[in-house]
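Here the sequence shown is numbered in our numbering, starting from 1419 and rising by one per residue. In this text, a Cβ means the ideal position worked out from N, Cα and C, and glycines have one as well. From a predicted model like this one, the values you see are computed outputs, not experimental measurements. Have a look at the structure below, then the notes.
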Amino acid sequence: MHIPDGLIPLWQCAIYYIIIIIIGYFAVKWAKNNLKEKQIPLLAVLAAGIFAIQALNIPTPLGASGHMVGAALVAILLGSPFAGFLVLTVVLIIQGLVFGDGGITALGINIFNMGVLASFIGFYSFKGLKSYIKDIPSVFVASFLSLLIPALVIAIQLWFAGSFPLIEGLLLMGTYHVIIGVVAEGLISTIVYGSIKKMRPDLIAGGL
């Protein structure tokens, strides 16, 4: 899911930086007002786990990598897409600055795709699905969608940037992330959610 430097024009990169700065303001405000002290260790553990699992990259012909994201799981457990945004922002900044994964100019668009889109899609898909089916299958489907839809958006972004053909990009990113979404994002997120629900249900945000 990481887009490296050089594939997106700088003026487009600047737009995504502006978007994430605005969202970041509201995310910090949410954390100050809603994040409970007992949830902070969970947030840290999730961030470390996401950082580790994103190291398992699958290269794609588009230049953007394929891997699990984890934003939906964080958003669902903490009760807000802003939680997913904050965790993914920290993870992606470290990856970009320290390990060169994604680069600096593309940091804004990577945070937008993995921190904003994945978090909001995963969280609100979960809320909508939970009205009709149980929470465990809702986590699986929401996590899957939180990976697949941003992957398709990346194909559109790269096409708009003139870096890759649209149809080929959609087919490649879709195929890669359908597989990753089922065997990694959906399955692992469901297992983690189910384990926490069984062992420490008090850590899961209520009202969902």
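Cβ-based neighbour list, residue i, same chain, cut-off 6 Å, excluding 5 preceding and 5 following
| i | result |
| --- | --- |
| L1584 | W1577 |
| F1558 | G1604 and T1608 |
| F1500 | A1445 and W1448 |
| Y1434 | G1526, I1527 and F1530 |
Residue environment, residue i, which counts as buried when at least 16 other CB atoms sit within 10 Å
| i | result |
| --- | --- |
| M1532 | buried |
| Y1550 | exposed |
| L1474 | exposed |
| G1424 | exposed |
7 Å Cβ shell around residue i - same chain, five flanking residues per side excluded
| i | result |
| --- | --- |
| P1422 | G1481, G1520, G1521 and A1524 |
| F1562 | G1599, V1600, E1603 and G1604 |
| H1595 | G1484, L1565, L1566 and A1569 |
| I1436 | none |
| V1571 | N1531 and L1535 |
| V1610 | L1491 |
| N1376 | Nothing in the structure corresponds to residue 1376, since the chain is present only between 1419 and 1626. |
Beta-carbon contacts of residue i that lie in its chain and below 8 Å, excluding the five residues immediately before and after
| i | result |
| --- | --- |
| A1573 | L1480, F1582, L1584, G1587, L1588, L1590, M1591 and G1592 |
| L1626 | Because the pLDDT at L1626 is just 44, under 50, the model does not fix this residue reliably, and the point stays unresolved. |
| Q1513 | H1420, F1469, Q1472, D1519 and G1520 |
| L1621 | K1456, Q1457, L1460, L1495 and I1614 |
| L1453 | L1461, L1496 and A1501 |
Inter-residue Cα distance where the pair is residue i and residue j
| i | j | result |
| --- | --- | --- |
| V1508 | V1516 | 12 Å |
| G1526 | C1431 | 6 Å |
| G1518 | F1530 | 18 Å |
| V1446 | P1555 | 30 Å |
| M1617 | G1442 | 32 Å |
| I1476 | L1464 | 21 Å |
| G1612 | I1606 | 10 Å |
| N1528 | T1478 | 16 Å |
| V1492 | G1467 | 11 Å |
| Q1575 | W1429 | 13 Å |
Within 8 Å, strictly: CB atoms of residue i and residue j
| i | j | result |
| --- | --- | --- |
| V1487 | S1564 | yes |
| A1579 | I1426 | yes |
| A1569 | A1490 | no |
| S1537 | G1484 | no |
| L1535 | I1511 | no |
With a cut-off of 8 Å, do at least 3 Cβ pairs link the segment 1583-1590 to the segment 1528-1542? Not touching, per the Cβ criterion.
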